[in-house]
Amino acid sequence: MNYWLMKSEPDDASIDDVLALPKQTIAWYGVRNYQARNFMRDAMQVGDGVLFYHSGCAVPGIAGLAEVASTPYPDDTQFDHKSKYFDPKANREEPRWMLVDVRALKKTRLISLAELREQEPLADMRILQRGNRLSITPVSAAEWRHITNKLMKA
DNA sequence: GCCAACGTTGGC
DNA sequence: GCCAACGTTGGC
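Numbering (full-length UniProt numbering), first residue to last: 1 to 154.
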């Protein structure tokens, strides 16, 4: 069992949006970074814990809890000429971009980026490191415990 | 294989 | 809208 933090722009897909979907599940389309792709393709397991993070918005932070809900499969948007995620170098025989399904479990209170930075036990979190832009990052078991404990208290 | 140019992310 | 950081591209 591993843990992850996955960023989504709430204007695109917020935790509320995903909870409103059938099965509360969304294909995590649009990742176009190899490191992030490799986490989905090579490292994620069904049932892994996911911190659902809102980025590119007024108050960025953790907005919900989710889980990995599928094994990896090709991201369809890479083949779609009309999609902004279309990749001319991808083809169906050798898909370049893989994704997993993510099932939203619950909306939480927002733990803002500023609040995360105040937490000494989270000092080494990938998301808090200078210049980090990766949209998917591993979360340690200790970091996961700290954050979920905090959510239960509040 | 180097590296300059360019594009993107994402907080502020 | 700005800009720092960093990934990707492509000429050489």
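For glycine and all other residues, C-beta sits at the position ideal for the given N, C-alpha and C.
Grouping DSSP H, G and I as helix and E and B as strand, with all else coil, what is F52? Taking the first sequence and counting its residues from 1, the one referred to as residue 52 is at position 52. Strand, per DSSP.
Between which two residues does the beta strand (DSSP E) carrying E67 extend? On the first sequence, position 67 is the one that residue 67 refers to. Element bounds for E67: 61-68.
Give me, in chain order, the residues of the same chain whose beta-carbon lies closer than 7 Å to that of I15; leave out the 5 immediate sequence neighbours on both sides. Position 15 of the first sequence, counted from the first residue, corresponds to residue 15. The answer, listed in chain order, is F52, A63, G64, A104, K107.
Starting from the C-beta of R41, find all residues in its chain whose C-beta is less than 6 Å away, skip the five residues before and the five after it, and write them out in chain order. The residue you call residue 41 lines up with position 41 of the first sequence. Once the five neighbours on either side are set aside, the close Cβ partners of R41 are P72, M98.
Which word fits Y3, buried or exposed, when buried means at least 16 other C-beta atoms lie within 10 angstroms of its C-beta? Against the first sequence, residue 3 aligns to sequence position 3. Buried, because 16 or more other Cβ atoms sit within 10 Å of the Cβ of Y3.
So for residue 165, helix, strand or coil by DSSP? For residue 165 there is no data in the structure shown, the boundaries of the chain being 1 and 154.
Which value, in whole angstroms, describes the spacing of the CA atoms of M121 and E143? If you number the first sequence from 1, residue 121 lands on position 121. If you number the first sequence from 1, residue 143 lands on position 143. Before going further, note that residue 121 is Pro rather than Met in the sequence given. So the alpha carbons of these two residues sit roughly 7 Å apart.
Per DSSP, the bridge partner or partners of T108: Counting from 1 along the first sequence, the entry for residue 108 is found at position 108. In the DSSP assignment, no residue is bridged to T108.
What's the call for V46, buried or exposed, on a 16-neighbour Cβ count within 10 Å? Position 46 of the first sequence, counting from 1, holds the residue named residue 46. V46 should be labelled exposed.
For D101, three-class secondary structure by DSSP: By one-based count along the first sequence, residue 101 stands at place 101. Three-state DSSP puts D101 in a strand.
Which residues in the same chain have their Cβ closer than 8 Å to the Cβ of M1, if we skip the five residues on either side of it in sequence? The sequence position of residue 1 within the first sequence is 1, counting from 1. Answer for M1: Q45, G47, D48, G49, listed in chain order.
With D101 and T25 assumed to form a contact (beta carbons below 8 Å), what rounded beta-carbon distance in angstroms separates them? As a working note, residue 101 is residue 101 in the first sequence. As a working note, residue 25 is residue 25 in the first sequence. At roughly 5 Å, the Cβ-Cβ gap stays under 8 Å, so D101 and T25 are in contact.
Should the segment 115-135 be called in touch with the segment 81-94, which here means at least 3 C-beta pairs below 8 Å? The segment 115-135 is not in contact with the segment 81-94.
Cβ neighbour criterion (16 or more within 10 Å) applied to A13: Looking up residue 13 in the first sequence gives position 13. By the neighbour-count rule (16 or more Cβ atoms within 10 Å), A13 is buried.
Find the nearest neighbour of P138 within the set D17, E9, R37, judged by alpha-carbon distance. As a first step, residue 138 must be located in the first sequence, where it is residue number 138. Nearest of D17, E9, R37 to P138, Cα basis: R37.
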